[in-house]
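Chains as they are written, first to last, in the numbering used here: chain A, 144 to 325; chain B, 144 to 325.
Protein chains: 2
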Amino acid sequence: MLERLDKTVMHSYPGMVALVTVAVEEEHNIMACGWHTYISYEPPMYGVSIGRERYSYQLLKKAGKFAINFLPFEKAEVIQKAGVTSGADTDKLSTQSFIEGEATGAPILKEAYVVYECETVDVKTYGDHDFFVAELVGFYRDEALFLSNGLPNLKQLSIPLYLGRSRYVKLDDRVGYKDFLK
Amino acid sequence: MLERLDKTVMHSYPGMVALVTVAVEEEHNIMACGWHTYISYEPPMYGVSIGRERYSYQLLKKAGKFAINFLPFEKAEVIQKAGVTSGADTDKLSTQSFIEGEATGAPILKEAYVVYECETVDVKTYGDHDFFVAELVGFYRDEALFLSNGLPNLKQLSIPLYLGRSRYVKLDDRVGYKDFLK
Numbered sequence: 144m145l146e147r148l149d150k151t152v153m154h155s156y157p158g159m160v161a162l163v164t165v166a167v168e169e170e171h172n173i174m175a176c177g178w179h180t181y182i183s184y185e186p187p188m189y190g191v192s193i194g195r196e197r198y199s200y201q202l203l204k205k206a207g208k209f210a211i212n213f214l215p216f217e218k219a220e221v222i223q224k225a226g227v228t229s230g231a232d233t234d235k236l237s238t239q240s241f242i243e244g245e246a247t248g249a250p251i252l253k254e255a256y257v258v259y260e261c262e263t264v265d266v267k268t269y270g271d272h273d274f275f276v277a278e279l280v281g282f283y284r285d286e287a288l289f290l291s292n293g294l295p296n297l298k299q300l301s302i303p304l305y306l307g308r309s310r311y312v313k314l315d316d317r318v319g320y321k322d323f324l325k
Numbered sequence: 144m145l146e147r148l149d150k151t152v153m154h155s156y157p158g159m160v161a162l163v164t165v166a167v168e169e170e171h172n173i174m175a176c177g178w179h180t181y182i183s184y185e186p187p188m189y190g191v192s193i194g195r196e197r198y199s200y201q202l203l204k205k206a207g208k209f210a211i212n213f214l215p216f217e218k219a220e221v222i223q224k225a226g227v228t229s230g231a232d233t234d235k236l237s238t239q240s241f242i243e244g245e246a247t248g249a250p251i252l253k254e255a256y257v258v259y260e261c262e263t264v265d266v267k268t269y270g271d272h273d274f275f276v277a278e279l280v281g282f283y284r285d286e287a288l289f290l291s292n293g294l295p296n297l298k299q300l301s302i303p304l305y306l307g308r309s310r311y312v313k314l315d316d317r318v319g320y321k322d323f324l325k
């Protein structure tokens, strides 16, 4: 039974973890970000909430652009490592294969199934994070992993969802579903 | 293989659909919102992106507060209906059992497994949506559906994730997973 609690509850998981990549001058980095959302259809816009202590934070501020990469479940360990290690200590991109985004120069991970290039249009400080609002200016997808109706082909693509406490669940074609489209 | 596309791709699904509820003066409403995220830990803050044509938009602006409700998979049809019908035509809350939130007066759905009460602290226009940033001021949870470590008990709770095109997938205890906690 639902009850009111006298404590902070923060649970809207499971959710996808975005891998935010950035390049500026001689530096580049990758970080895991669980707090992100679409914001607008037209123009297409996206927002990511970044802790100000994160190594990528200053790079994102300086670059004014970045990319958002989504990796398949088989690469969950890459996501986890991008979350628990810091670019201050290690070149996390050295083990990843990537190209430079055409629109932004941000690293585009070759193992991703969807990537967006983003140009920052606003940065707002809210509590202990800054919220970066960006226009989507470049789109990449592994077309073989999607159906003609735009949905992911879950027979070909398993999607990792972060559940909390370093656990990732696997969304594949064994999941049950309900359709409401007439 | 990942490739650059000359078209807009907007796919970071599957994701949870938040049911945003609001009450102001004699009116109340419920709407489905797929674009939402945590923003800050301390203080706990949350953001939701709302189309300005939505019936709830004016109510949210006027009230300055709202609630975010998450329903289990068995109630996916309630989520879908909240998304495809408008409060301009029908009292969508008339078929839902709810209480008034202590902190905000916003409707708290009794069938939810997690609910947050939210006080709006900022509203920004980005593209075709407005982004409402709120402080979380009230917390509700069905404690029987969560483990002592805070993770959902997927034996007891099936979570609906919106995949796109009116399809909801079911996350339950049959999913595979990977753990990275040492």
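All C-beta atoms, glycine included, are put in the ideal place defined by N, C-alpha and C.
May I ask you to list the residues that DSSP assigns as paired with residue i?
i, result
"B/Thr180", "B/Gly190"
"B/Thr228", "DSSP lists no partner for B/Thr228."
"B/Met174", "B/Val163"
"A/Glu220", "Answer is none; A/Glu220 lacks a bridge partner."
"A/Arg147", "B/Tyr283"
"A/Ala210", "A/Thr164, A/Glu260"
"A/Tyr320", "B/Val312"
Name, please, each residue of chain B whose Cβ falls closer than 9 Å to the Cβ of residue i.
i, result
"A/Ala255", "Leu145"
"A/Glu220", "Lys321, Phe323"
Which bits of chain A does residue i rub up against, with CB to CB less than 8 Å?
i, result
"B/Thr151", "Pro187, Leu279, Phe282"
"B/Gln223", "Phe323"
"B/Leu314", "Pro157, Leu304, Val312, Leu314, Val318"
"B/Ser240", "Per Cβ cutoff of 8 Å: no residues; B/Ser240 is ~10 Å from chain A at best."
Chain B partners of residue i, CB-CB under 7 Å?
i, result
"A/Ile182", "Trp178, Ser192, Tyr269, Gly270, His272, Phe274"
"A/His171", "The premise fails here: A/His171 is roughly 18 Å from chain B at the closest Cβ pair, so nothing lies under 7 Å."
Identify, in the order they occur along the chain, each residue of the same chain with its Cβ nearer than 8 Å to the Cβ of residue i, setting aside the five sequence neighbours on each side.
i, result
"A/Gly158", "Gly177, Leu304, Tyr305"
"A/Gln223", "Ala175, Ser309, Tyr311"
"B/Phe216", "Ser301, Ile302, Pro303, Tyr311, Lys313, Leu314, Asp315"
"B/Tyr200", "Ile193, Gly194, Asp273"
"B/Gln299", "Ala287, Leu288"
"B/Lys218", "Glu254, Pro303"
"B/Phe241", "Thr164, Pro250, Ile251, Leu252, Lys253"
"A/Gly207", "Glu262, Thr263"
"B/Phe323", "none"
"B/Val318", "Leu297"
Rounded C-beta distance between residue i and residue j? I'm assuming under 8 Å.
i, j, result
"A/Val258", "A/Ile211", "7 Å"
"A/Asn407", "A/Leu236", "The requested residue 407 of chain A does not occur in the structure, where chain A is confined to residues 144 to 325."
"B/Leu214", "B/Ala249", "Contact doesn't hold; Cβ gap of about 16 Å is too wide."
"B/Ser301", "B/Asp315", "4 Å"
"B/Gly153", "A/Tyr181", "The sequence given here has Met at residue 153 of chain B, not Gly. With a Cβ gap of about 6 Å, B/Met153 and A/Tyr181 count as contacting."
"A/Gly270", "B/Ser183", "3 Å"
I want to verify the contact list: residues of chain A whose CB lies under 7 Å from the CB of residue i, in sequence order.
i, result
"B/Leu306", "Leu294"
"B/Arg317", "Arg317"
"B/Asp285", "Met144, Leu145"
"B/Ser309", "Asp322, Phe323, Leu324"
Would you mind telling me which residues of chain B sit closer than 8 Å to residue i, beta carbon to beta carbon, in chain order?
i, result
"A/Val258", "Leu145"
"A/Glu245", "Arg147"
Going by beta carbon distance, what residues of the same chain come within less than 6 Å of residue i, once the five residues before and after it are set aside?
i, result
"A/Glu278", "Pro186, Met188, Glu262, Val264"
"A/Gly194", "His272"
"A/Gly230", "Asn172, Tyr198"
"B/Ala246", "Glu260, Val280, Gly281"
"B/His179", "Ala161, Val191"
"A/Gly244", "Ala210, Ile251, Glu260, Gly281"
"B/Val266", "Asp273, Phe275"
Verify the contact flag: residue i, CB atom, against every heavy atom of the ligand NAD, threshold strictly below 7 Å.
i, result
"B/Val221", "Looking at this structure, you won't find the ligand NAD or any other ligand, since it has none at all."
Quick one: residues in its chain with C-beta nearer than 7 Å to the C-beta of residue i, no 5 flanking neighbours on either side, listed in chain order?
i, result
"A/Leu202", "Val165, Val167, Glu170, Asn172"
"A/Thr156", "The identity of residue 156 of chain A in the sequence shown is Tyr, whereas the question assumes Thr. Only Tyr305, Leu306, Gly307 meet the Cβ criterion."
"A/Leu290", "Asn296"
Are any of the Cβ atoms in chain E nearer than 8 Å to that of residue i?
i, result
"A/Pro215", "Chain labels in this structure do not include chain E; the protein chains are A and B."
**OP:** May I have a chain-ordered list of the beta strand (DSSP E) segments no shorter than 3 residues that lie completely inside the region 231-316 of chain B?
**Re:** 241-243, 250-252, 257-269, 272-285, 302-307, 310-314
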